[in-house]
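Q: Numbering (the numbering used here), first residue to last: 1 to 217. Every residue, glycine too, gets a C-beta built ideally from N, C-alpha and C. Note that the structure is a prediction, hence the values are computed from the model and not measured. This structure is in structure tokens; I'll ask about it shortly.
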Amino acid sequence: MSIERLGAHYGFERMPFGKDLAPGMLHPHRAHAEAVARIGWCVCERRIGVISGECGAGKTVAARAAVRSLDSSRHTVIYLGTPGVGLRGLYGTIVSALGGDPRFHCSALIPQAQELLAAEEAERGKRVILVCDEAHLLDAQCLEGLRCLQNAEMDQTAPFCLLLLGQPTLRRRLRLGGFAALDQRVGLRYAIAGLQADETASYIAHHLKLAGLGHAV
Ligand SMILES: Nc1ncnc2c1ncn2[C@@H]1O[C@H](COP(=O)(O)OP(=O)(O)OP(=O)(O)O)[C@@H](O)[C@H]1O
Ligand SMILES: [Mg+2]
């Protein structure tokens, strides 16, 4: 049976549990609402936030919801979604997103990224939010590199907000001695827990309704 006929059989207008959810389509369970609120605080305070949770817990959805609610004329969101690109790749993405032409040598690329990040707020009045997804896959060099970007004006102020989204191994990894400098700068740690039984029922009903099933469970 084709997927269209299967959908029609159940009365779906679109497939349930899709990824293309508009902000108003999100299910407001406690962990989601809490994650969105805490990310908002992290942005205001320009802190480093570590949002962890199992696969599918809703980390990316919560971060997307939080940054979507920000005034785009006063915020610049840079999404780093491919941790395998290495430190050069991360810096290059940041520089390009801020309108620069990434310099070739790392020794020139690092100050270029730092200068552009500082200028975004100081000159354009826009707060930068670096969203680093799948951060549990970042190697040690990348994690350290991201921390170093936060060292501005002899570590007096943080020039941007850094959100690290990852599976629970990320939290455990950061506790290892080698990452102490990064770990002690983390201002927000939030683990998105699984749904409670009543939330699960309402979550499923919510998705079925979004899919067009008027008479949900
Ligand atoms: N608040 C929500 N309301 C409705 N659906 C949600 C919500 N949070 C998550 N989902 C659903 O769960 C799916 C997985 O969420 P998401 O991609 O954010 O998980 P994740 O924690 O980032 O997973 P991964 O570790 O695999 O990247 C989404 O595509 C969406 O369908
Ligand atoms: Mg994700």
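Please check the pair Leu70 and Val43, which I expect to be a contact at CB under 8 Å, by giving their CB distance rounded to whole angstroms.
A: For the purposes of this step, residue 70 is identified with residue 70 of the sequence shown, where counting begins at 1. For the purposes of this step, residue 43 is identified with residue 43 of the sequence shown, where counting begins at 1. Sure, about 7 Å apart at Cβ, within 8 Å.
Q: Taking 8 Å as the threshold, find out whether the segment 109-123 comes into contact with the segment 173-182 through three or more Cβ pairs.
A: They do not touch, by the three-pair rule.
Q: Let me confirm a value: Thr157 is counted as buried when at least 16 other C-beta atoms fall within 10 Å, else exposed. Which label applies?
A: Along the sequence shown, one-based indexing puts residue 157 at 157. Exposed.
Q: For Ala37, tell me which candidate among Ala211, Ser2, Lys59 has the shortest Cα-Cα distance.
A: Against the sequence shown, residue 37 aligns to sequence position 37. Nearest C-alpha to Ala37: Lys59.
Q: Do you know how far the Cα of Tyr190 is from the Cα of Leu196?
A: Numbered from its first residue, the sequence shown carries residue 196 at position 196. Numbered from its first residue, the sequence shown carries residue 190 at position 190. Checking the sequence shown, residue 196 turns out to be Gln, not Leu. Distance between the alpha carbons of Gln196 and Tyr190 is about 17 Å.
Q: Among the candidates Arg147, Arg74, Gly166, whose CA atom is the shortest distance from the CA of Val61?
A: Residue numbering aside, residue 61 sits at position 61 when the sequence shown is read from its first letter. Nearest option by C-alpha distance: Gly166.
Q: Is there at least one non-hydrogen atom of ligand 1 closer than 6 Å to the beta-carbon of Lys19?
A: Counted from its first residue, the sequence shown places residue 19 at position 19. Indeed, a heavy atom of ligand 1 lies less than 6 Å from the Cβ.
Q: Should Thr93 be labelled buried (16 or more other beta-carbon atoms within 10 Å of its own) or exposed?
A: Within the sequence shown, the letter at position 93 stands for residue 93. Flag for Thr93 reads buried.
Q: Under 6 Å from any heavy atom of ligand 2, does the C-beta of Thr169 make it?
A: Position 169 of the sequence shown, counted from the start, is the residue given in the question as residue 169. No; taking the cut-off as 6 Å, the Cβ of Thr169 has no heavy atom of ligand 2 nearer than that.
Q: If contacts are defined as beta-carbon pairs under 8 Å, then Gly53 and Gly187 qualify, I think. What distance do you get, rounded to the angstrom?
A: As a working mapping, residue 53 is identified with position 53 in the sequence shown. As a working mapping, residue 187 is identified with position 187 in the sequence shown. Not confirmed; about 18 Å, so no contact.
Q: Please state the DSSP three-state secondary structure of Ala193.
A: As a working mapping, residue 193 is identified with position 193 in the sequence shown. In the structure shown, Ala193 sits in coil (DSSP, three-state: anything other than H, G, I, E or B).
Q: Under 7 Å, do Leu182 and Leu138 count as touching if we go by C-beta distance?
A: Taking the sequence shown and counting its residues from 1, one reaches residue 182 at position 182. Taking the sequence shown and counting its residues from 1, one reaches residue 138 at position 138. No; because the gap between Cβ atoms is not below 7 Å, this pair is not in contact.
Q: What residue does the beta strand (DSSP E) around Ser96 start on, and which one ends it?
A: Here residue 96 corresponds to residue number 96 of the sequence shown, with the count starting at 1. Ser96 -> not in any beta strand (DSSP E); alpha helix (DSSP H) instead, spanning 86-97.
Q: Would you mind stating whether Ala211 and Arg14 have Cβ atoms separated by less than 7 Å?
A: Numbered from 1 along the sequence shown, position 211 holds the residue referred to as residue 211. Numbered from 1 along the sequence shown, position 14 holds the residue referred to as residue 14. Taking 7 Å as the Cβ cut-off, Ala211 and Arg14 qualify as a contacting pair.
Q: What is the rounded straight-line gap between the Cα of His207 and the Cα of Phe17?
A: The residue labelled residue 207 in the question sits at position 207 within the sequence shown. The residue labelled residue 17 in the question sits at position 17 within the sequence shown. Roughly 6 Å separates the two Cα atoms.
Q: Quick check on Arg64: buried or exposed, where buried means 16 or more other Cβ atoms within 10 Å of its Cβ?
A: Counting from 1 along the sequence shown, the entry for residue 64 is found at position 64. That one is buried.
Q: Using a threshold of 7 Å, state whether the C-beta atoms of Cys161 and Ile192 are closer than that.
A: Here the question's residue 161 lines up with position 161 in the sequence shown. Here the question's residue 192 lines up with position 192 in the sequence shown. No, the pair does not count as a contact, with Cβ atoms beyond the cut-off.
Q: Would you mind reading off the limits of the alpha helix (DSSP H) that contains Ser255?
A: The requested residue 255 does not occur in the structure, where the chain is confined to residues 1 to 217.
Q: Tell me whether His136, by its Cβ, gets closer than 6 Å to a heavy atom of ligand 1.
A: Here the question's residue 136 lines up with position 136 in the sequence shown. Not under cutoff, so the answer is no.
Q: Since Val77 and Val67 are thought to touch, with beta carbons under 8 Å apart, how far apart are those beta carbons, to the nearest angstrom?
A: Position 77 of the sequence shown, counted from the start, is the residue given in the question as residue 77. Position 67 of the sequence shown, counted from the start, is the residue given in the question as residue 67. The pair is a contact, with the Cβ atoms about 5 Å apart (cut-off 8 Å).
Q: Exposed or buried, Ala216, counting other C-beta atoms within 10 Å across all chains shown (16 or more means buried)?
A: Taking the sequence shown and counting its residues from 1, one reaches residue 216 at position 216. Because Ala216 sits at a pLDDT of 48, beneath the cut-off of 50, its placement in the model cannot be relied upon, and the following sentence gives the value as read from the coordinates. Result: exposed.
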